[in-house]
Each structure stands twice: as structure tokens, then as C-alpha cells.
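Colleague: Sharing a structure below in C-alpha cells format, with a few things to ask.
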Amino acid sequence: MSDIITFSIPLDQGEVGLVAAVLQQAADECRATPSPESPSDQGSEITLGRLASHWAGIAEQELHCGIVNLHGERLYMVTLSSEGWYQVRAALSERAARLSLTPVDTPAGREDRKQARRALLLVDRITGASSDR
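Take the sequence shown: its letter number 77 is residue 76 in numbering that gives the first Met the number 0, and every next letter is one higher.
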């Protein structure tokens, strides 16, 4: 998962879990078929499946990241390529858009809106970090 430009973003456990869940759902819903022009060895490409697997490793086993304790809170220093962060932002934005369609007049609807807000706030943080590069 490396590219020419990589950067780290500190995330708390809830944010890591959110990204892992959103990417897994996106990968499950995406059934891409390889095009005839695509090379058989696509080891350097970023796919939703690979990205979801990468984030599952972070969330479940604390792999592929550094762990920092800051004021008693564990933060995960996650490093991805610019393309990887772009894919994370896109998946979070799409999930937030879907959740925003839920009516708010039920407890489940209010929870969906809360999760959509968390996803959009994380998209904003990632965008800010990537534009600082």
C-alpha cells in the first residue's frame, strides 16, 4: 500500500472501527470484474478489498500502524498513500450520504445521523491532513 506520497493521520479506536466497517461494507457491495486490458499482476493497485483487509488488521490486531498514548488515549498513527486516503474519504462520504437519507424521527434514524456526522467529520480531518502535504 505504498505510493510516492504517504502520510500519517492519528485516529482514535472509534474512528479506526468506523473506517474498517465502512470499507468492509463497501468491499462487500462492490463486485468489480477485471477488464481484459488489465494486467494479471495488480499487486500495486489499491482495491477496496485490500484496503478493507488492511483496515481490519488495524482495527482487530493493531497491525500496519503505530500506537501512541496521548493524555491517556490510545491513538493509531495510520499511514497510507494519497490514493489510499482518497479511497477512505470516498467510502466514508458515500456511507454518510446513505445514512443521511434515513428519517430522523426514530431512535435508529437519530443514530444513523450521528454516525453520518462522525463519518463526515473524519472526511474533513483527512482532507485537511492531505491538503497540508
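Cβ coordinates follow ideal geometry from the N, Cα and C atoms, glycine included.
Around the C-beta of C64, are 16 or more other C-beta atoms found within 10 angstroms, so that it is buried, or is it exposed?
Modeller: As a first step, residue 64 is located in the sequence shown; it is residue number 65 there, counting from the start. Buried.
Colleague: Taking the alpha-carbon positions, what's the S5 to I45 distance?
Modeller: Translated into the one-based positions of the sequence shown, residue 5 becomes position 6. Translated into the one-based positions of the sequence shown, residue 45 becomes position 46. In the sequence as displayed, the identity of residue 5 is Thr instead of Ser. Near 13 Å, if we compare the C-alpha coordinates of I45 and T5.
Colleague: Would you mind sorting L91 into buried or exposed? The rule is 16 or more other CB atoms within 10 Å of its CB.
Modeller: Taking the sequence shown and counting its residues from 1, the one referred to as residue 91 is at position 92. Buried: at least 16 other Cβ atoms inside 10 Å.
Colleague: Run through DSSP, which three-state label would I133 get?
Modeller: The chain is shown only over 0 to 132; residue 133 falls outside these bounds and no answer can be derived.
Colleague: Tell me E72's beta-bridge partners as DSSP assigns them.
Modeller: For the purposes of this step, residue 72 is identified with residue 73 of the sequence shown, where counting begins at 1. L69, per the DSSP bridge assignment.
Colleague: Measuring only the C-alpha atoms, how far is D105 from L47?
Modeller: Here residue 105 corresponds to residue number 106 of the sequence shown, with the count starting at 1. Here residue 47 corresponds to residue number 48 of the sequence shown, with the count starting at 1. For clarity, residue 105 is Thr in the given sequence; the question names Asp instead. Each residue's Cα considered, the two are about 32 Å apart.
Colleague: Quick one: what does DSSP say P106 is sitting in, helix, strand or coil?
Modeller: Looking up residue 106 in the sequence shown gives position 107. Note: P106 maps to helix in three-state DSSP.
Colleague: With a threshold of 16 other CB atoms inside 10 Å of the CB of V103, please say whether the residue is buried or exposed.
Modeller: For this step, residue 103 is matched to residue 104 along the sequence shown. That one is exposed.
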